[in-house]
Structures are given as structure tokens and as C-alpha cells.
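*Asks:* Position 78, counted from 1, in the sequence shown is what full-length UniProt numbering calls 78; the numbers after and before it change by one each time, with no gaps. No residue lacks a Cβ here, since even glycine has one placed at the ideal position from N, Cα and C. Here the structure is a predicted model, which means the values were calculated and not measured.
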Amino acid sequence: MTFGTVGLVLVSVLLSSSAQILLKTGMSDRAVQAAIANRAGLWEAMSVIALNVPVVLGLLAFGLSAVVWLLVLARIDVSQAYPCVAFGIVLTVLAGIIFLGENIHPMRIVGLVVIVSGVVLMARAT
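#1: Mind reading off the beta-carbon distance from Phe62 to Ala19? Whole number of angstroms is fine, and I expect it under 8 Å.
#2: How is the alpha helix (DSSP H) around Pro54 delimited, first residue to last?
#3: To the nearest angstrom, how far is it from the Cα of Ile109 to the Cα of Val116?
#4: Taking buried to mean at least 16 other C-beta atoms within 10 Å of its own C-beta, is Ser12 buried or exposed?
#5: Would you call the region 38–52 and the region 72–91 touching, i.e. three or more CB-CB distances under 8 Å?
#6: Hey, would you say Leu73 sits closer than 8 Å to Val93, going by beta carbons?
#7: Grab me the residues of Val90's own chain with a C-beta within less than 7 Å of its C-beta, minus the 5 sequence neighbours each way, in chain order.
#8: Could you check what DSSP says for Ser12 in three-state terms: helix, strand or coil?
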């Protein structure tokens, strides 16, 4: 994998992870939570969600991540590229802890170690 391709993979994974944090932030907003709890109208809830800045930014980050991912897939085999997405899981968990104050159970840490180990094994097999 070339340096440029590694860079594209990292950008895609970072955008995807950022999208998750932005979407969670937006969906945790009091106005969004109130609109969801108010069973009066689906359209009202959808409009509050659609106008929420973090949600919009999260969706844009996801879209951009997909575009960058297409560039990755144009350069390398999907079997080589896709294990790199697993690093997004690790980044998203860490971002959840750092930016959202989420707690992590020790078993999740074990799971993250297993994921990273698997990615390392997959990378060495190419």
C-alpha cells in the first residue's frame, strides 16, 4: 500500500469516526430528545433532527468519508482495505471516551485489543 493510499484510508476512517461522534452529539441534544419523546409528530421530530447542526455535519462527514473510501477502493483490493475500517471502531470508542465522557467496560478493551490484533494479522498476510 502506497503512502498516498494509507493517507486516504486514514482520512476516510477519521471522517467516519468523526461522523459517529457528531451524530451522537446531535441526537443527544435536548431539542432532539424532546422532539423524539413527543410522540405528537414524526415530521416534527424529523425536522428538528434535520436542522440540528451536529447531525448535518455528521451526515456530511459520512458522505465525504464514502467519497474518500471510493478512492481507496479504486487503488487497492477490498480484502486489503476493509480491515483498516476496524481502526475506526477503536478511534470511535476512544473519541466517545474523550469527547462524550463515555465509560468503557474492561471487556470492551479486550475486544478492542482483539480487533487491533486481527487487523495487524490481516496486514501481515498481504
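*Replies:* So, to answer that:
#1: 4 Å
#2: Val53 to Arg75
#3: 11 Å
#4: buried
#5: no
#6: no
#7: Leu112, Ile115 and Val116
#8: helix
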